[in-house]
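A.B. asks:
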Amino acid sequence: MAGSTAAVRQERLGASRWAGLPGLVFVLPAVLVVLGVVGYPFVEGIWLSLTNRTVASEGHFIGFKNYANLLHSAVFLKTVRNTLVYTGVGLVGKLVLGMAVALSLTRVGRGRDLLGALLLLPWIIPTVLSALVWTWIFDDTSGILNYALVRLHLVDRPVPWLGSSALAMASVILVAVWRETPYFGLSLLAGLRSIPQEQYEAASLDGAGTLQQFRYVTLPNLLGLILLVSTISVVQSAYDFSIVYILTRGGPVGATHIFSTLTYEIGFYVGDLGRAGAVALTAFPIFGPLMFYIARSLERREASL
Amino acid sequence: MSRYQATSLVYGLARYTLLAAFAIAAVAPFYWMVITSVKPVQELYAGKMPLWVEAPTWKHYAELLETYMFPRWFWNTIVVAVVSTAVSLVLGSLAAYGVTRTGTALVRQLTRVVLVTYLVPRAMLMIPLYQFLAALRLLDSQAGLVLAYLTFTVPFSVWLLIGFFQGIPRELDEAALIDGCSRMQALVRVVLPLARPGLVAVTVYTFSLAWNEFLYPLVIIQSDAQKPLTVGIAALQQGDVFAWGPLMAAGTLAAIPIVTFYALIHRQIVAGVTAGAVKG
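Heads up: the sequence lines are chains A and B, in that order. In terms of UniProt numbering, the first sequence has 115 at position 115, counting the first letter as 1, and numbering is strictly consecutive. In terms of UniProt numbering, the second sequence has 218 at position 218, counting the first letter as 1, and numbering is strictly consecutive.
1. What residues are listed by DSSP as bridge partners for A/Thr51?
2. Quick one: is B/Ala271 near chain A, going by C-beta distance under 7 Å?
3. Using a C-beta to C-beta distance shorter than 7 Å, which residues of chain B count as neighbours of A/Ser130?
4. Could you name the residues of chain B that A/Leu192 contacts, counting a contact when the two beta carbons are closer than 7 Å?
5. Residues in the same chain with beta-carbon distance under 8 Å from B/Val163, minus the five sequence neighbours each way, listed in chain order, please.
6. Any C-beta of chain B sitting closer than 7 Å to the C-beta of A/Gly224?
7. Flag this pair as yes or no: are the beta carbons of A/Ala203 and A/Gln213 separated by less than 7 Å?
8. Around the Cβ of A/Glu198, are there at least 16 other Cβ atoms within 10 angstroms (buried) or fewer (exposed)?
9. DSSP state of A/Arg301, grouped into three classes?
10. Do the region 99–108 of chain A and the region 172–189 of chain A meet, that is, are 3 or more Cβ pairs less than 8 Å apart?
11. Per the contact definition of three or more C-beta pairs closer than 8 Å, is the region 66–77 of chain A in contact with the region 152–169 of chain B?
12. Within 10 angstroms of its Cβ, does B/Asn76 collect 16 or more other Cβ (buried), or is it exposed?
13. Just mark A/Tyr239 as buried or exposed, buried being the case when its beta carbon has 16 or more other beta carbons within 10 Å.
14. Does the contact criterion of 3 or more C-beta pairs under 8 Å hold for the region 66–76 of chain B versus the region 224–243 of chain B?
15. Short check: CB of A/Ser57 to CB of A/Gly277, under 7 Å?
16. DSSP three-state call for residue 340 of chain A: helix, strand or coil?
17. Let me check understanding here. Comparing Cα to Cα, which of A/Thr210, A/Ser142 and A/Leu162 lies closest to A/Thr256?
18. Could you tell me whether the Cβ of B/Ile127 comes closer than 7 Å to any Cβ of chain A?
19. According to DSSP, simplified to helix, strand and coil, what is B/Arg101?
20. What's the gap between the Cα of A/Pro29 and the Cα of A/Ser237?
21. Within the region 30–72 of chain B, note down every full alpha helix (DSSP H) run reaching 4 residues or more, in order along the chain.
22. Taking just the CA atoms, how far does B/Ser208 sit from B/Thr260?
23. Quick check on B/Pro257 - is its C-beta less than 7 Å from some C-beta in chain A?
24. Three or more beta-carbon pairs under 8 Å between the region 112–131 of chain A and the region 209–229 of chain A, yes or no?
25. How far does the alpha helix (DSSP H) with A/Ile246 in it reach, from first residue to last?
26. May I ask you to verify whether the region 211–219 of chain B touches the region 11–31 of chain B, counting CB pairs closer than 8 Å and requiring at least 3?
27. For A/Gly63, is the classification buried or exposed, using 16 other Cβ atoms within 10 angstroms of its Cβ as the cut-off for buried?
28. Can we say the region 142–154 of chain B touches the region 30–40 of chain A, given the rule of at least three CB pairs closer than 8 Å?
29. Under 7 Å between the Cβ atoms of A/Arg53 and A/Leu273?
30. Below 8 Å on the Cβ atoms is my contact criterion, and I expect B/Arg122 with A/Phe241 to pass it. Report the Cβ-Cβ distance as a whole number of Å.
31. If you compare alpha carbons, which of B/Gln5, B/Val231 and B/Trp159 is closest to A/Thr127?
32. Given this structure, state the Cα-to-Cα distance separating A/Leu145 from B/Lys39, to the nearest angstrom.
33. Across the region 138–156 of chain A and the region 81–90 of chain A, are there enough close Cβ pairs to call them in contact, namely three or more that are closer than 8 Å?
34. Would you verify that the beta carbon of B/Thr57 is, or is not, closer than 7 Å to some beta carbon of chain A?
35. Does the beta-carbon of A/Ser16 have 16 or more other beta-carbons within 10 angstroms, so that it is buried, or is it exposed?
36. Just the Cα atoms here: how many angstroms apart are B/Met126 and B/Gly144?
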């Protein structure tokens, strides 16, 4: 209702005084800058991925050869698998823990703001800094984690958290989950608080217990939000860089390489720019539509406020 | 005690235990960072009580400031963050005003393009952006960094400000127009003062985005003197093992502005946008 009167008012104003053009003038500077620094390089990047340009030579058009080569590259296929694991397992961890944070925070009265601020720390502190602290925590010889585990007799000798393939991936995911859980928690908390209390009362009158209320009231109400927050997180973490780069540089032997770290390595260590560009863009056909979905949902959410 | 009270007690206990665990997990790494930064070397690697420090020292801080270009990195970070935040505030306010005050489909479409660019992952853009700045001869310069940061600070501030501008009743600036203000005057004199909480939020968020950025400067900056904090500090990691002290000192110093900023915004946001407009 409020939306439709606003639309009518806007229409009237548009017809009389606004007349389209001035609106365009206000939006144009931002649009031009964004097209200049994102749009143009992006298109250029697509072209680049179709050439064999290196740091040393200009290169020429080679069609889809870079992409075809990637499909036969063991390192690249491993990177795709790693990215799926890093993103997928990470998402489950963030969702479950984030939901736990949100559910426990909703009933907290006094001190919720302070608690929320504390819980948000991992999300606001520069990722590079926290990733460095985690590297220090995971350190083989002097790290606090190994120190504690050995002292408590949980392990006999220090564990190579970042040095062995399986553990390195688990460690990197742990840090990613630690970093993003607060974001999930507080987003879901906002969603929880917007669920009408009557729905819980009605469910409770119908004899629904706590678990059933969660299943039949909380989850359905939060579904849209969960989907949106998850999509945003997936798009971002599939292309995460700082955590993996700082903790492992993609190693050991490529065990934690994800799209961004492999792109960086091929582009700036090997110097093969065309191929690096192809690595970065391979998943674009999947992520492009996801990005549009996110933009549309965010617009809708904003419009409904 | 009734059964109901007993279960609610159990739930309450579980809730607070969980929250305490989460709070400890959130804070512990930073505690570890700060405590490492003031630990003398002998305690660092062979301390009896690792969670505490027996003889605190500023030696790591001194070493950091003497040996590395830390103050320079700090300054670079401030300059780039301030400039890119300022540009984004101006462009963001203009665009948000344009889109919230007009209904044309073209303007909405263009704004959507801006929003989508915010979602383009940095890693997809790093190679072409590097090429782009190389062509402009802006590699290894603060100007190049600002351009790179605009790729995410501009879309972000447009997007955030749209939300805040929507909360300001159109009647207010329409009244100003009737009184003979131009659109620009209405924006500057009526909308912007009312949107202060939004402007503060955008400032804090874009500033911290710029402050925290790592991938772009890693790619763009080569010389030590041009580095921002993130890249400078990360490079310390490649030194010898004993750098953990200065490294954690650097981390502590680099985190302080962001934590302070964040503490400030907490109050500001609560003020509420529409409340200010109606009362004002």
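Yeah, the Cβ is synthetic: ideal placement off N, Cα and C, and Gly gets one too. These numbers were taken from a predicted model, which means no experiment stands behind them.
C.D. replies: Reading off the structure:
1. A/Phe61
2. Bear in mind that the predicted position of B/Ala271 carries a pLDDT of just 35, short of 50, making it too unreliable to give a figure here.
3. Pro29
4. The contacting residues do not exist; A/Leu192 stays about 13 Å from chain B at best.
5. Residue identity check: residue 163 of chain B is Gly in the sequence provided, not Val. Same-chain partners within the cutoff: Gly198.
6. no
7. yes
8. exposed
9. helix
10. yes
11. no
12. buried
13. buried
14. yes
15. no
16. Absent from the structure is residue 340 of chain A, since the part of chain A shown begins at 1 and ends at 305.
17. A/Leu162
18. yes
19. coil
20. 30 Å
21. 41–46 and 59–67
22. 11 Å
23. no
24. no
25. Ser242 to Thr248
26. no
27. exposed
28. yes
29. yes
30. 7 Å
31. B/Val231
32. 17 Å
33. no
34. no
35. Reliability fails at A/Ser16, whose pLDDT of 46 lies under 50, so the model's placement of it is uncertain and the value that follows must be treated cautiously. Classification for A/Ser16: exposed.
36. 13 Å
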